[in-house]
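Working notes, structure below.
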Amino acid sequence: MSDLLFEAKGIEVTYGASKGLFGRGRTGVRVLHGVDVSIRRGETVGIVGESGSGKTTLGRALLKLVPVSAGTIRFNGQDITALSPEAMRPLRRRMQMIFQDPMASLNPRHTIRRILTEPLFLHGLASVRRDAERQVRAILDRVSLPAVMLERAPHELSGGQRQRIGIARAVLMKPDFVLADEVVSGLDVSTQAQVLNLLKELSQEMGLAMAFISHDLSVIRAICDRVTVMRFGEVVEEGRCGPVFDAPKTPYTRLLLDAIPLPEIDDGWLTRPPPVLEPAA
Amino acid sequence: MGDLTKTATTMDTAFRFRSLPMKTIKPLLREPRVVIAGGFLLILLLIALFAPYIAPKDPLEQDLMLGNMPPANYPGAEPGYYLGTDDLGRDVLSRVLYGSRIALTVAFVAASLSAIIGTLLGLAAGWYGRWADRVISRLVDIWMAFPPVLLSVLLVAVMGSGLHSVIAAIVIIDWTRFCRVVRAETMAQARLDYVMAAQTIGFSRSHILWREILPNVAPVLIALVSLEMGIAVIVEAILSFVGLSLSSDIPTWGGMIAQGRQMVHHGWWVFVFPLLALFATVLAFNQLGNGLRTALDPVMRR
Amino acid sequence: MTQSFVAIQGLSAISTRDASAPVLRDVSLTLEKGEVRGLVGESGAGKSTIAKALLGILPSTVKITGGFIRFEGRDLLAMPRRELADIMGRDITLIPQDPQTALNPARRIEAQLTDGLRLRLGMGKTDAHQRALQLLDEVQIRDPKRVLNAYPHELSGGMRQRILIASAFALNPKLVVADEPTTALDVTVQKEILRLIRRMQEAHGTAVIFVTHDLGVVAKICDSVTLLYAGKVIEDGKTPDLLMAPKHAYTSALIAAGPRYDRPDAGLEPVPEAVFRQLRAEIGIAERRV
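Here the protein sequences come in this chain order: A, B and C. Note that the numbering used here numbers the first sequence so that position 209 is 209, with each residue one more than the last. Add 281 to a position in the second sequence, counting from 1, and you land on the number used in the numbering used here. Add 583 to a position in the third sequence, counting from 1, and you land on the number used in the numbering used here.
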């Protein structure tokens with residue numbers, strides 16, 4: 001059994017292309033230009049880039065939430081690129097997602113109980129309510145939330161609590177892979193640390209592979225084994241965190257690192273010229 | 282230890298009754314427009330249901346000797362006819378009370394049917410997109426190009442006068458309003474992350490539409506239904522005003538207003554009271570609709 | 584005793600929706616001419632409230648219950664509206680947080696930039712146009728004619744923020760309130776904007792109140808810092824002192840909680856519950872309800 005969980009090659013994603021009537025269609029905007037990504041079992045890969053880099057689109061393409069216009073995606077050795085939505089359904093249990101804005105990603109009209117138990121019933125992980133309840137309480141306990149949360153609706157929870165529910169929902173079905181899309185971006189620094197620690201622990205306990213999308217390189221270093229740097233829909237640099245951060249090979253990575261303000265006095269930081277970058281094509 | 286867990290489970294069961302329906306109903310009752318307008322409409326409903334027991338006189342009974350009597354406390358008033366009588370000696374109060382039956386029947390039936398048709402098509406257009414959307418949107422555009430008044434007159438001419446044609450006229454014209462609003466709201470909801478979350482979990486497209494999106498479209502829909510009821514009452518009144526609704530014997534507010542208009546100088550009460558009833562009812566539906574929209578929507582914002 | 588340029592003393596405020604929840608608790612801070620002071624805190628700490636109080640744009644849900652804000656010796660809270668309107672927008676200006684929404688999408692840049700010039704300085708159309716070109720040049724926008732003629736949506740976020748900065752400094756203000764001006768920007772753009780703000784501030788001799796939640800940003804651009812929690816000043820002082828020798832446990836915990844790309848071995852340390860308990864005890868608030 002291969003070590004590789006996800007193997008994506010040459011991924012291209014185009015938005016807004018249409019054939020149109022009388023052949024007049026639109027070519028659309030290409031957001032990803034031939035991206036390769038591989039994620040091994042149990043590994044946490046960071047996908048980092050600024051706005052417009054395509055990092056969010058790449059994550060969604062892996063989960064087949066956006067259509068891919070070229071390239072192949074293999075999950076656990078199986079080619080899933082052309083699978084129909086029906087065929088994807090049983091696989092979905094094994095690849096889950098945590099969203100940036102938990103307020104928007106939890107159905108405001110459902111109770112937390114419903115949000116957490118419905119997936120279990122869908123995938124046959126529980127057939128009676130008592131069993132589902134037991135599993136759900138266990139996961140709430142694991143993310144340090146009290147069982148009373150089950151009665152509540154999302155708007156009654158704080159931001160940090162909602163984010164934990166999002167995490168609970170993602171790991172509840174014991175997936176092989178979790179996509180974390182800017183999950184700490186809106187959080188205070190102390191809540192951020194708690195959430196990151198929780199993710200690290202869960203990923204180690206459950207042997208989860210994770211793709212961690214973020215614009216924040218410091219957060220990526222804290223939690224990821226490998227990192228993929230993206231710019232304008234292409235992979236600029238890729239490798240284990242240590243080498244990439246300590247000795248970045250490309251000017252863009254150096255530029256990104258240089259731009260991060262660390263909480264220490266450095267009088268020349270503002271005026272020092274940034275690493276030279278060739279103008280974008 | 283066992284006792285503690287038992288207390289915990291009993292407490293949890295007690296909490297279970299604070300379920301989601303209660304959560305949605307409580308904020309409604311806090312909104313004054315919902316309580317006041319809703320209360321009024323509830324009373325109106327009771328009046329409509331129990332009109333035969335409440336109305337002092339038979340609304341159809343004519344007594345030419347008692348024609349054109351003014352309302353109570355006016356000189357020359359006939360005791361027992363509190364709001365006066367019309368040309369044919371029929372009791373205005375009883376006719377106004379009975380008129381509520383027609384008004385509410387039309388309101389409920391027409392609004393519900395428009396809502397059902399419009400919502401089904403709106404959901405389909407908004408969720409399944411592409412050609413479903415193109416076809417339905419094109420249909421709505423074309424449909425809305427027909428002049429509504431002409432269409433209603435045509436329908437009544439074809440179907441004959443009566444409640445069924447009034448209701449049909451309203452439904453045939455107004456379903457488009459629901460379709461557009463529901464389509465827009467569905468598309469707005471479909472863009473939100475919780476829909477994508479449901480897709481990642483693996484729910485089917487129809488499950489997502491009915492179990493995830495529809496509950497979030499419901500607030501806007503419910504508010505619109507209430508507004509539509511007000512519109513239906515007015516349309517019925519207009520149609521009976523021009524004689525296209527029921528026969529003039531059966532009391533409708535619109536018919537009474539039409540009749541009263543002709544005798545407004547010597548018998549203003551025949552004109553004024555049904556008009557007040559109409560005004561109050563439509564105002565109530567509007568306020569209920571507005572109140573519902575406010576009370577149901579900011580669940581997220583709170 | 585010399586008066587500080589800006590002195591906030593004992594400022595307290597409550598929320599009108601819940602009178603038991605103070606928004607600001609006895610906040611005091613000072614600012615000298617040309618000084619850049621950071622207002623730092625996590626969300627809900629009150630830093631935005633102070634900024635809004637300075638600008639006179641507190642929402643109706645917040646009510647000031649005590650203290651004063653002295654600007655060049657005069658209390659802004661006690662000033663009649665006409666005098667306040669004179670100061671705001673000219674002597675005290677704002678660099679807002681979100682360049683997306685701060686510019687009117689229906690008007691060209693030139694119109695928005697010259698509004699203030701024509702209204703406040705009585706400039707004619709051609710003079711204002713020239714001055715606008717100069718302003719854009721000052722913030723290093725390379726093609727000022729094209730930009731003046733453009734609509735906001737045609738420009739990048741960084742470009743829009745430059746325009747907002749130009750607008751803020753256009754009337755030579757004495758105090759600029761920067762409300763998280765780089766939070767919505769990419770990190771590389773953030774560095775450019777921070778550099779620009781520093782340059783403008785030095786060139787015009789303006790004092791700046793810099794609201795942010797990012798201690799890294801504070802380290803690079805602020806001369807002094809005020810750290811807030813739950814509406815109360817926890818610590819304040821010169822930036823090097825606060826960062827390298829923090830006096831309060833919360834300050835050091837906050838510094839330690841932020842991940843650093845150059846320290847991979849440092850674990851992620853959330854602020855310990857003990858620190859929060861200490862804070863709550865000091866401030867005098869009850870246990871946090873779940």
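Heads up, the beta-carbon is just placed ideally off N, CA and C, and yes, glycines get one too. Please read all numbers here as calculations on a predicted model, not as lab measurements.
Is the CB of C/TYR812 under 8 Å away from at least one CB in chain A? No, no contact with chain A.
Where the segment 55-67 of chain A meets chain B: residues whose CB sits under 7 Å from a CB there: Of all residues in the segment 55-67 of chain A, LEU63 and LEU65 have a Cβ within less than 7 Å of some Cβ in chain B.
Taking the alpha carbon of B/PRO429 as the reference point, which residue from B/ARG461, B/ARG492 and B/LEU520 has its own alpha carbon closest? Comparing Cα positions, the closest option is B/LEU520.
Using the Cα positions of A/ALA281 and B/TRP408, report the straight-line distance between them to the nearest angstrom. For A/ALA281, the predicted structure reports a pLDDT of 49, less than 50, and the residue's modelled location is therefore unreliable. The matter cannot be settled from this model.
Could you tell me whether the Cβ atoms of B/ALA413 and B/ALA426 are closer together than 8 Å? It is not a contact, given that the beta carbons lie outside the stated cut-off.
Just tell me which of B/LEU556, B/LEU525, B/VAL390 and B/TYR355 has its CA closest to the CA of B/VAL439. Selection B/LEU556, B/LEU525, B/VAL390 and B/TYR355 evaluated against B/VAL439 yields B/LEU525 as nearest (Cα-Cα).
Residue range of the beta strand (DSSP E) that includes A/GLN96: DSSP places A/GLN96 in the uninterrupted beta strand (DSSP E) bounded by 95-98.
Could you tell me whether the Cβ atoms of A/LEU198 and A/ILE167 are closer together than 8 Å? Pairing A/LEU198 with A/ILE167 gives a Cβ-Cβ distance under 8 Å.
By alpha-carbon positions, which one of B/SER393, B/MET510, B/ALA471 and B/GLY511 ends up nearest to B/PRO496? That would be B/ALA471, whose Cα lies nearest to the Cα of B/PRO496.
Relative to chain A, which residues along the segment 462-484 of chain B have a C-beta separation below 7 Å, given in chain order? Cβ contacts with chain A: LEU473, ASP474, TYR475, MET477, ALA478, GLN480, THR481, ILE482, GLY483 and PHE484.
Please report how far the alpha carbon of C/HIS796 lies from the alpha carbon of A/GLY77, in whole angstroms. CA-to-CA, the gap between C/HIS796 and A/GLY77 works out to about 44 Å.
In this structure, does DSSP put B/ASP414 in helix, strand or coil? Three-state result, B/ASP414: helix.
Spatial neighbours of A/MET73 within its chain, please: CB distance less than 6 Å, with the 5 preceding and 5 following residues excluded, ordered by chain position. Looking at the sequence provided, one finds Ile at residue 73 of chain A rather than Met. Closer than 6 Å at the Cβ level, and outside the excluded window around A/ILE73, lie ALA8, ILE80 and THR81.
For A/ARG40, which residues of its own chain have a beta-carbon under 8 Å away from its beta-carbon, when the five flanking residues on both sides are left out? Taken in chain order, the residues that qualify are ASP3, LEU4, LEU5 and ALA209.
Is there a C-beta anywhere in chain C that falls below 8 Å from the one on A/HIS110? No, because no Cβ of chain C sits closer than 8 Å to the Cβ of A/HIS110.
Going by DSSP in three states, C/ILE640 sits in which element: helix, strand or coil? Correct three-state label for C/ILE640: coil.
Step through the CB atoms of chain B and report whether any lies within less than 8 Å of the CB of A/ASP131. Taking CB atoms only, A/ASP131 has no neighbour in chain B less than 8 Å away.
Could you have a look at A/ILE213 and say whether DSSP puts it in helix, strand or coil? In this structure, A/ILE213 counts as strand in the three-state DSSP scheme.
If I follow the unbroken alpha helix (DSSP H) through C/LYS830, where does it start and stop? From DSSP, C/LYS830 is part of no alpha helix (DSSP H); its letter is neither H nor E.
I'd like to confirm the pairing. Which residues does DSSP put opposite C/GLY929 in its beta bridges? Since the first and last residues shown for chain C are 584 and 873, residue 929 of chain C lies out of range.
C-alpha distance - C/SER603 paired with A/PRO274, whole-angstrom precision: Spanning the two alpha carbons is a distance of roughly 49 Å.
Please name the residues in the segment 159-191 of chain A whose beta-carbon is closer than 7 Å to at least one beta-carbon of chain C, in chain order. Residues passing the 7 Å Cβ filter: ASP188, VAL189 and SER190.
Helix, strand or coil for C/THR697 per DSSP? C/THR697 falls in the helix class under three-state DSSP.
Please confirm whether C/ARG691 and C/ALA751 have their CB atoms less than 8 Å apart. Pairing C/ARG691 with C/ALA751 gives a Cβ-Cβ distance that is not under 8 Å.
Please decide whether A/ASP258 counts as near chain B, where near means a Cβ-Cβ distance under 8 Å. Closer than 8 Å: no.
Exposed or buried, which one is A/TYR15 when buried takes at least 16 other CB atoms within 10 Å? A/TYR15 comes out exposed.
Is the separation between the beta-carbon of B/ALA336 and that of B/MET510 shorter than 8 Å? 8 Å or more divides the Cβ of B/ALA336 from the Cβ of B/MET510.
Between B/PRO555 and B/MET544, is the Cβ-Cβ spacing less than 8 Å? Taking 8 Å as the Cβ cut-off, B/PRO555 and B/MET544 do not qualify as a contacting pair.
Amino acids of chain C, ordered along the chain, whose beta-carbon sits closer than 9 Å to that of A/ARG113: Residues of chain C whose Cβ lies closer than 9 Å to the Cβ of A/ARG113 do not exist, since the nearest Cβ in that chain is about 17 Å away.
If you check the beta carbons only, do C/PRO605 and C/ILE678 fall under 8 Å apart? At the C-beta level, C/PRO605 and C/ILE678 stay beyond 8 Å of one another.
If you run the structure through DSSP and keep just helix, strand and coil, what is B/MET350? In the three-state reduction of the DSSP assignment, B/MET350 falls in the coil class, being assigned neither a helical nor a strand state.
Should B/VAL462 and B/LEU505 be called a contact, given that it needs their Cβ atoms to be closer than 8 Å? Yes; because the gap between Cβ atoms is below 8 Å, this pair is in contact.
Meets three-Cβ-pair contact criterion under 8 Å: the segment 855-871 of chain C and the segment 229-241 of chain A: Too few Cβ pairs lie closer than 8 Å, so no.
Mapping DSSP to helix, strand and coil, what is B/MET544? B/MET544: coil per DSSP, three-state reduction.
Could you check whether the Cβ of C/ASP762 sits closer than 8 Å to any Cβ belonging to chain A? With 8 Å as the cut-off, C/ASP762 does not count as an interface residue toward chain A.
Could you name the residues of the segment 717-746 of chain C whose beta carbon sits closer than 8 Å to any beta carbon of chain A, in the order they occur along the chain? Listed in sequence order: GLY740.
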